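Here's the structure, in structure tokens; my notes come after.
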Amino acid sequence: MAVYKRRYRPYHGPLTPERSRFLVLTRYAFAGLFRSRVFVLLFVLALVPTLFFAAYIFLANNSAVQQFLQFHVAGGFAVENKFFFTLTMIQTQLAFLLNCWVCPTLVAGDLVNGALPLFLSRPFSRPEYVLGKCAVIALLLSVVTWVPGLILFSLQAGLAEGGWTWSHLWMVVPIVCCSAVWISMLSLISLAVSAWVKLRIVATGVIFCAFLVPAGLGAIFNTILGTYWGSLLNFSELFRLILVKGFRLESELVGRAGLPQVPLFAAWIMMILVCVLSLYILDARLQAREVVRG
Amino acid sequence: MNARLITRAKEWTQEQPWELYATQIFVLMRNEIRRNLFARRRLWVYLLAAIPVVILLVQRAFARNTAEPFYIESATRVLARIVHLYYVRLGIFFACMGIFTWLFRGEVVERTLHYQFLVPVRREVLVIGKFLAGTLISIFLFESAVLACFYLTYDRFGAAGWSYIFDGPGLHQLGAYLLVTALTCIGYGSVFLALSLLFKNPIVPGLVLMGWETIAPILPAWAQRLSVTSYMRHLCPVELPVEGPLAIFTVVAEPVAPVLAILGLLCLSVAVLVLSCFLIDRIEITYTAE
Chain A
-4 MAVYKRRYRP
6 YHGPLTPERS
16 RFLVLTRYAF
26 AGLFRSRVFV
36 LLFVLALVPT
46 LFFAAYIFLA
56 NNSAVQQFLQ
66 FHVAGGFAVE
76 NKFFFTLTMI
86 QTQLAFLLNC
96 WVCPTLVAGD
106 LVNGALPLFL
116 SRPFSRPEYV
126 LGKCAVIALL
136 LSVVTWVPGL
146 ILFSLQAGLA
156 EGGWTWSHLW
166 MVVPIVCCSA
176 VWISMLSLIS
186 LAVSAWVKLR
196 IVATGVIFCA
206 FLVPAGLGAI
216 FNTILGTYWG
226 SLLNFSELFR
236 LILVKGFRLE
246 SELVGRAGLP
256 QVPLFAAWIM
266 MILVCVLSLY
276 ILDARLQARE
286 VVRG
Chain B
2 MNARLITRAK
12 EWTQEQPWEL
22 YATQIFVLMR
32 NEIRRNLFAR
42 RRLWVYLLAA
52 IPVVILLVQR
62 AFARNTAEPF
72 YIESATRVLA
82 RIVHLYYVRL
92 GIFFACMGIF
102 TWLFRGEVVE
112 RTLHYQFLVP
122 VRREVLVIGK
132 FLAGTLISIF
142 LFESAVLACF
152 YLTYDRFGAA
162 GWSYIFDGPG
172 LHQLGAYLLV
182 TALTCIGYGS
192 VFLALSLLFK
202 NPIVPGLVLM
212 GWETIAPILP
222 AWAQRLSVTS
232 YMRHLCPVEL
242 PVEGPLAIFT
252 VVAEPVAPVL
262 AILGLLCLSV
272 AVLVLSCFLI
282 DRIEITYTAE
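Chains as they are written, first to last, in this note's numbering: chain A, -4 to 289; chain B, 2 to 291.
Here it is in structure tokens:
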């Protein structure tokens, strides 16, 4: 049998542009995610509340249907800033649940199976790796948070009369920006936790703990010491404060129980600190080497 | 027919090697406690139990002006909130999630479950042994924490605090808190053990359980009997007002006698444990899927 000399031949085909290289990870991650039936079910369920909100908008703008169904709401059906505030609050909480399911599958598998050195041995940097993984979460959670918000805004703009669009156009900014803040924080915390604990089951549990236990501790801290600074540990509450400010609802919602709340700047500082800490953990854990003890 | 069944049951009971089972359960418990109680990965459970104690220590150090006997009433309410809102709803819930789901899922993740299945021990005995070990660990941790919280709450009042404990309702409240803590560990423990045998990733169903426990007060009375916290509410010595958005939907269930509440929760736990014994028989080890 003839044995031919085999030499290394470099790849000469078209290269993925450097700028969009991180999207390769995103593409493969999406393909993997949509193979899971549980994920698809969760994803569809996360969009169900939007349908109810759309039905509300339709009802609010159709007096004939209101009369037919004999609905009488004190003050009438209002689609104002409080409506979009509620929508964003509900959708961001659903985004949190979706994130808890998705995030541990993104990084933990690569770390447990020692795939990270393989990724990083290619012309692919660590920030690009993180960006690729974050893009999965960002795109996915966008579809659940601000995209339905904008669709409902457009629906209302199309159905409403008398310059509603121009007088409410400012609400586009909080819908998009506040959702973006929540998505950024969620994705960074979840990736950091996944990179830290590595095991998928444990990572899912720790992500939930990271949001729910500090909130409970903060409440206990407030109760025991008679202060409000414990609320800084409640990330959902911090986000609610930012959302309230964004939707100009301070007079209605802040201090609703007559209790003082943490200042807005403190909420921002806390959220930024958490993001920086998550980045630090990611930087420490995502290395192209691993120290095996014992 | 009934007489025959009773006779067969008696025969079956006499045939079982109960002493051997007891020894096996004891050995399993000893091994599990050694592996789980004094492990570095259990540090977060200690933290979960100890953080309210640390906050109370901070209060003791810095808020000396609230040590007047006048504040005993409010301190009692604060302690009730710590036990009912933090320990029962969050601390014990997450600790049991960590401890009890790891009893079997952890063995699968670490690829050691086949060793347990290869030894000549019935799988039901394995479930009971591991459950008892987890229960002992969680009860020990959280009872110590509740005891420390109780001590720190009343000790700063000096003689008035001790008088409240021994001459007033303090001792009864302590007993009730310890009972609530132990029963919560048993209740959540059995449920999480069953979830870990039923699902590959028991955390998500665990969170569904948390949602169920949260909305339990607004459910009809019969549905409330399927939640751990509703039993605990009847045993709490200090009644806490329902707060938050769910308050207006709350269905006030008929008060249940403490004995019935204890028996109800124990029956629920035993039923879930029996289910776990059936589930363990179905388990096939497929480490590759993890």
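All residues carry an ideal CB built from backbone N, CA and C; glycine is no exception. Values in this document were obtained by computation on a predicted structure and should not be read as measured data.
The beta carbon of Arg32(A) does not come within 8 Å of any beta carbon belonging to chain B, so the residue lies off that interface.
For Phe279(B), the number of other beta carbons within 10 angstroms of its own is below 16, and it is reported as exposed. Look at the region 86 to 108 of chain A: the residues with a C-beta under 7 Å from a C-beta of chain B are Trp96. From the beta-carbon of Ile276(A), no residue of chain B is found nearer than 7 Å; the closest lies around 15 Å away. In chain order, Gly200 make up the part of chain A whose C-beta sits under 8 Å from the C-beta of Met98(B). The three-state secondary structure of Asp105(A), taken from DSSP, is helix. Non-local beta-carbon contacts of Ala103(A) in its own chain, meaning distances under 7 Å to residues more than five positions away in sequence, involve Ser189, Lys193, Leu194, Arg195 and Ala198 in chain order.
In the structure shown, the three-state DSSP call for Ile284(B) is coil.
About 4 Å separates the beta carbon of Val273(B) from that of Ser191(B), a gap short enough to meet the 8 Å contact definition. Boundaries of the alpha helix (DSSP H) around Gln174(B): Gly171 to Leu199.
DSSP, read as helix, strand or coil, puts Arg61(B) in helix. Taking 9 Å as the Cβ-Cβ cut-off, the region 212 to 223 of chain A approaches chain B at Leu212, Ala214, Ile215, Phe216, Thr218, Ile219, Leu220 and Gly221, given in chain order. In the three-state reduction of the DSSP assignment, Asp156(B) falls in the helix class, which pools H, G and I.
Restricting attention to Gln282(A), Phe230(A) and Leu281(A), the CA atom closest to the CA of Ala261(A) is found in Phe230(A).
A contact is defined here as three or more CB-CB pairs under 8 Å, and the region 11 to 26 of chain B meets this definition with respect to the region 125 to 143 of chain B. Contact between the region 206 to 216 of chain B and the region 143 to 157 of chain B is absent: fewer than three C-beta pairs spanning the two stretches fall below 8 Å. Taken through DSSP and simplified to helix, strand or coil, Tyr51(A) comes out as helix. For Leu104(B) against Leu194(B), the beta-carbon gap comes to about 6 Å, under 8 Å, which counts as contact. Around the beta carbon of Arg5(B), fewer than 16 other beta carbons lie within 10 angstroms, which makes this residue exposed. Restricting attention to Trp13(B), Arg283(B) and His85(B), the CA atom closest to the CA of Val239(B) is found in His85(B). Annotation for Lys128(A): the continuous alpha helix (DSSP H) segment containing it runs Arg121 to Val139. Any Cβ of chain A closer than 8 Å to the Cβ of Tyr87(B) would place that residue at the interface, and such an atom is present. Approximately 6 Å separates the beta-carbon atoms of Leu147(A) and Ala49(A); this is inside 8 Å, confirming the contact.
One Cα belongs to Ala81(B), the other to Leu269(B), and the distance between them is close to 25 Å. The region 137 to 153 of chain A makes no contact with the region 217 to 229 of chain A: fewer than 3 CB pairs, one atom from each, lie closer than 8 Å. With contact defined as three or more Cβ pairs closer than 8 Å, the region 211 to 218 of chain A and the region 102 to 119 of chain A are not in contact. Contacts with chain A at 8 Å (Cβ-Cβ) include Arg82(B). At a cut-off of 8 Å between C-beta atoms, Gln60(B) counts as an interface residue with respect to chain A. Cβ neighbours of Phe234(A) within its own chain (closer than 6 Å, five residues either side excluded): Trp177. Contact between Asn76(A) and Leu244(A) is confirmed by a C-beta separation of about 6 Å, below the 8 Å threshold.
In this structure, Arg16(A) places its C-beta atom within 8 Å of the C-beta atom of Phe119(A). Annotation for Ala183(B): Ile140 and Glu144 place their beta carbon closer than 7 Å to its own, counting only its chain and skipping 5 residues before and after. Not a single C-beta of chain A is nearer than 8 Å to the C-beta of Phe39(B).
Annotated as distal: Arg121(A) and Trp191(A), with beta-carbon spacing of 8 Å or more. When C-alpha distances from Leu101(A) are compared across Ile52(A), Val239(A) and Tyr23(A), the shortest belongs to Tyr23(A).
Closer than 8 Å to the CB of Phe158(B) there is not a single CB belonging to chain A.
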